[in-house]
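Taken in order, the sequence shown gives residues -22 to -1, 1 to 252; the numbers are from mature numbering (1 follows the signal peptide of the UniProt record, and there is no 0).
Here a beta-carbon is modelled for each residue, glycine too, at the ideal position from N, C-alpha and C.
One structure below.
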Amino acid sequence: MALPVSATHRSLLITLALSSLALGGPHAAAQGTPAPASTALAPATPPTTPARVAGTTTQAVSAVAVDISAAARGQIVTCPAALKLSASAVCLYVKSGASTLRPLIRGRLAGRAAGEWKTTGKASTLLVTAKVGQPVNAFVLLSALADHESLVVVDAVQVRAAAPAPGVPAGVTRGQPYVLGSDLAGVVKVTPLGSGRFRLSVVDQPALTVTVGQRKAQTDQGSVELPLAPATDGRNLIFPVSGLRALGCTVTPAGKDMTVACGTESVGLKPIVF
């Protein structure tokens, strides 16, 4: 059973731990792995409301904390506000040194530990799961308070938000079919000219020079008006299917696909509708 320790003594030791975390916190998590919530240390103003944590993640934190407490015989203490932990975080004061606790905790969690401890200064971080085979959903932060005293924090990982879906390219008309210039290979030669200009060439037909965002195009015989302005995604020409007629091409629908024929050459492709 853990020896009694005064609240004042614990508070002093935890304050010292925060100082060490601020200088060398758990920033050594493996690249590509969600960073523990504790890496955002001591902002000037604490949040007015606790972070919301998914139910499965809360269960993971509880399960890991129970296992660690049973192995290390820690006393639950109030988590330091400066660490900006989630509402599900559990903090333990343990009368053991960090060098003793690291193998003890790692062994207790067995196959649920994702990798090894990552140590920076007096802080060590271990990513874990609630059950073997599950995605990483919690972490253990271990900070040495003294030679034989430590602060152990268990909290949910902060999962990075998924990248936003690419937006609709500027200038396209929603609901209208377009094709990429690269999809026309074999029937139309598309040559980038720079500054948003492209030359479209078809055998035995006048070349067509188009400008992104403009319906007016140029041929050797003068200007023509396209039904819709071409666009670009920054690399590819996005050309309106209706504008292919200006190149002497014909378009034959075939369900969700279509066949584009220019002279004696043809290609089947799937149009893009934004």
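Its chain contains 177, 187 as the residues whose beta carbon lies nearer than 8 Å to that of residue 171, once the 5 sequence neighbours on both sides are disregarded; these appear in chain order. The three-state secondary structure of residue 37, taken from DSSP, is helix. Assigned with DSSP and collapsed to three states, residue 87 falls in helix.
Look at the beta carbons and you see the region 108 to 124 not touching the region 187 to 203: under three pairs across the two are nearer than 8 Å.
For residue 243, the number of other beta carbons within 10 angstroms of its own is below 16, and it is reported as exposed.
When rounded, the separation of the alpha-carbon atoms in residue 154 and residue 201 is 23 Å. The three-state reading of DSSP puts residue 93 in strand, counting E and B together.
Note: residue 132 is bridge-paired with 68, 118 in the DSSP secondary-structure output.
In this structure, residue 218 lies near residue 208, with their beta-carbon atoms less than 8 Å apart.
The alpha-carbon of residue 183 is positioned some 30 Å away from that of residue 152. Annotation: residue 224 to residue 204 spans about 7 Å, alpha carbon to alpha carbon. Check the Cα spacing between residue 49 and each of 74, 175, 226, 134: the tightest is with 74.
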